[in-house]
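**Q** So that we are looking at the same thing, I have put the structure below in C-alpha cells.
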Amino acid sequence: MHFLAEPLRSSYIEKYPIQSLFSFPIIPYIQVCQFEQGEFIFKEGSYPEYMYYLVEGKAKLYTTQKNGKVALINFLHAPTFMGEIELLNSERYSKGIQTATRAVCLAIPIHACKDKLLTDATFLKYLCIFLSKKATMLSAMYVQNQAYPLVNRLAAFILLSADHDFYKEKHTEVCEYLGVSYRHLLHVFAQLCEANIIEKQSRGYIIRDKEHLQELAKEV
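Now the structure itself:
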C-alpha cells in the first residue's frame with residue numbers, strides 16, 4: 115500500500131466526492147492510498163489506523179475459523195466503507211480484508227477525527243443506512259444458498275469475483291462460501307467448461323461466454 119501525492123490525491127477526491135456524507139470538513143483529513151492485488155487492507159486481529167472508503171476495485175472479506183480453515187464471507191465492491199464497525203466499537207479488526215484487484219481507497223485517520231465522526235449526525239445517519247443494507251444483503255445471500263441450484267449460484271459468484279473476465283478463487287474457500295462439497299463444485303465447473311461458458315487455464319478460468327453466464331446468474 116502506498117499513499118498518493120498531489121496532484122493525484124486531489125484528482126481522486128474530486129472524482130469521488132465524499133464531503134456530502136459529513137457535516138464537518140473531512141477533505142483535510144483524507145489521504146488517498148492504492149493497494150495492489152493480493153494486499154491486505156486489514157489483517158485479522160489488527161488495530162485499524164484508518165477507516166477506508168473503497169472507490170475503485172474490489173476486496174475479499176474473510177475470517178479464519180478455530181480449525182484453521184479460511185472462510186470467505188463476502189466480496190466488497192466500490193463504493194463501500196471498511197473499518198466502520200471498529201470505529202464504533204473501538205476494538206481489533208476481527209476479520210481480514212484482502213484486495214481481489216488493484217484498489218484505491220480514501221483513507222480517514224481514526225485517531226485524528228474519531229470524536230468528530232462519532233458526533234456527526236450526517237455521517238451517522240448514512241452509516242445506519244449503510245449497515246442496514248449490508249445486513250439485508252447478507253441475509254439475502256443466506257437465502258440464495260438455500261434456495262437455488264449450484265450452477266446458478268456459481269455463475270453469479272464467478273461474475274462477482276472475476277477480474278477482467280479471469281477467475282482464480284480457491285476451490286476450498288468457494289466451497290465454504292457456497293456451502294457445497296468439493297466434488298459437487300468440481301462437477302459444476304466441468305459442466306460450465308463443457309458448455310464452453312468458461313475455459314480452464316493453469317491459474318484459473320477464463321470467461322468465454324459472459325452473456326450465458328449472466329443468464330444463469332439472473333436466476334439467483
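Quick note on numbering: the sequence shown equals residues 115 to 334 in this note's numbering. For glycine and all other residues, C-beta sits at the position ideal for the given N, C-alpha and C.
1. I need the boundaries of the beta strand (DSSP E) containing Leu-135, first residue and last residue.
2. So with Cβ pairs under 8 Å, would you call Phe-117 a contact of chain B?
3. Along the chain, where does the alpha helix (DSSP H) containing Thr-345 start, and where does it finish?
4. Put Tyr-166 into one of helix, strand or coil per three-state DSSP.
5. Within a Cβ cutoff of 7 Å, which residues of the same chain sit near Lys-314, ignoring the five residues on either side of it in sequence?
6. Would you kindly work out how many angstroms separate the C-alpha atoms of Phe-237 and Asn-310, rounded to a whole number?
7. Excluding five sequence neighbours on each side, which residues of the same chain lie with their C-beta closer than 7 Å to the C-beta of Glu-333?
8. How would you label Phe-280, buried or exposed, when you count the other beta carbons within 10 angstroms and need 16 or more for buried?
9. Do you know how far the Cα of Cys-147 is from the Cα of Gln-133?
10. Which ranges does the alpha helix (DSSP H) cover as unbroken runs of at least 4 residues, wholly within the region 166-244, from first to last along the chain?
11. For Cys-227, which of Tyr-164, Gly-293, Ser-275 and Tyr-291 has the nearest alpha-carbon?
12. Taking its Cβ as the centre, do 16 or more other Cβ atoms sit within 10 Å of Met-115, making it buried, or is it exposed?
13. In its own chain, which residues sit with a C-beta less than 6 Å from the C-beta of Lys-230, not counting the 5 before and 5 after it?
14. Which residue's Cα is closest to the Cα of Leu-232: Phe-149, Tyr-126 and Phe-136?
15. Which whole-angstrom value is the C-beta distance of Phe-189 and Leu-274, which I expect to be below 8 Å?
16. Going by alpha carbons, who is nearest to Gly-182 out of His-225, Glu-290 and Val-294?
17. On the criterion of 16 or more Cβ atoms from any shown chain inside 10 Å, does Leu-122 qualify as buried, or is it exposed?
18. Using a threshold of 8 Å, state whether the C-beta atoms of Gln-212 and Ile-144 are closer than that.
19. Going straight from the alpha carbon of Tyr-192 to that of Thr-215, what length do you get?
20. What residue does the beta strand (DSSP E) around Gln-148 start on, and which one ends it?
**A** Looking at the atomic coordinates:
1. In the sequence shown, residue 135 corresponds to position 21, counting from 1. No beta strand (DSSP E) holds Leu-135; DSSP gives it neither H nor E.
2. Of the protein chains in the structure, only one exists, and it is not chain B.
3. Outside the shown range of the chain, which is 115 to 334, sits residue 345, and nothing can be said about it.
4. For this step, residue 166 is matched to residue 52 along the sequence shown. Tyr-166: strand per DSSP, three-state reduction.
5. Here residue 314 refers to the residue found at position 200 of the sequence shown. Closer than 7 Å at Cβ, skipping near neighbours: Cys-307.
6. Along the sequence shown, read from residue 1 onward, the residue named residue 237 stands at position 123. Along the sequence shown, read from residue 1 onward, the residue named residue 310 stands at position 196. Phe-237 and Asn-310: Cα-Cα distance of roughly 47 Å.
7. Taking the first residue of the sequence shown as 1, we reach residue 333 at position 219. Same-chain partners within the cutoff: Tyr-262 and Asn-266.
8. Translated into the one-based positions of the sequence shown, residue 280 becomes position 166. By the neighbour-count rule (16 or more Cβ atoms within 10 Å), Phe-280 is not buried but exposed.
9. Along the sequence shown, one-based indexing puts residue 133 at 19. Along the sequence shown, one-based indexing puts residue 147 at 33. C-alpha separation (whole angstroms): 18 Å.
10. 198-203 and 224-232
11. Within the sequence shown, numbered from 1, the residue matching residue 227 stands at position 113. Closest by alpha carbon: Tyr-164.
12. As a first step, residue 115 is located in the sequence shown; it is residue number 1 there, counting from the start. Exposed is the call here.
13. Start at 1 with the first residue of the sequence shown, and residue 230 comes out as number 116. Once the five neighbours on either side are set aside, the close Cβ partners of Lys-230 are Phe-138.
14. Position 118 of the sequence shown, counting from 1, holds the residue named residue 232. For the residues Phe-149, Tyr-126 and Phe-136, the minimum Cα distance to Leu-232 belongs to Phe-136.
15. Taking the first residue of the sequence shown as 1, we reach residue 189 at position 75. Taking the first residue of the sequence shown as 1, we reach residue 274 at position 160. Sure, about 5 Å apart at Cβ, within 8 Å.
16. The count along the sequence shown starts at 1 and reaches residue 182 at position 68. The option with the nearest alpha carbon to Gly-182 is Glu-290.
17. Translated into positions along the sequence shown, residue 122 becomes position 8. So Leu-122 ends up on the exposed side.
18. As a first step, residue 212 is located in the sequence shown; it is residue number 98 there, counting from the start. As a first step, residue 144 is located in the sequence shown; it is residue number 30 there, counting from the start. Not in contact: Gln-212 and Ile-144 (Cβ atoms no closer than 8 Å).
19. By 1-based counting over the sequence shown, the position of residue 192 is 78. By 1-based counting over the sequence shown, the position of residue 215 is 101. Rather than Tyr, the amino acid found at residue 192 in this sequence is Ala. When rounded, the distance between both Cα atoms is 11 Å.
20. Your numbering for residue 148 matches position 34 in the sequence shown. Unbroken beta strand (DSSP E) run through Gln-148: 145-149.
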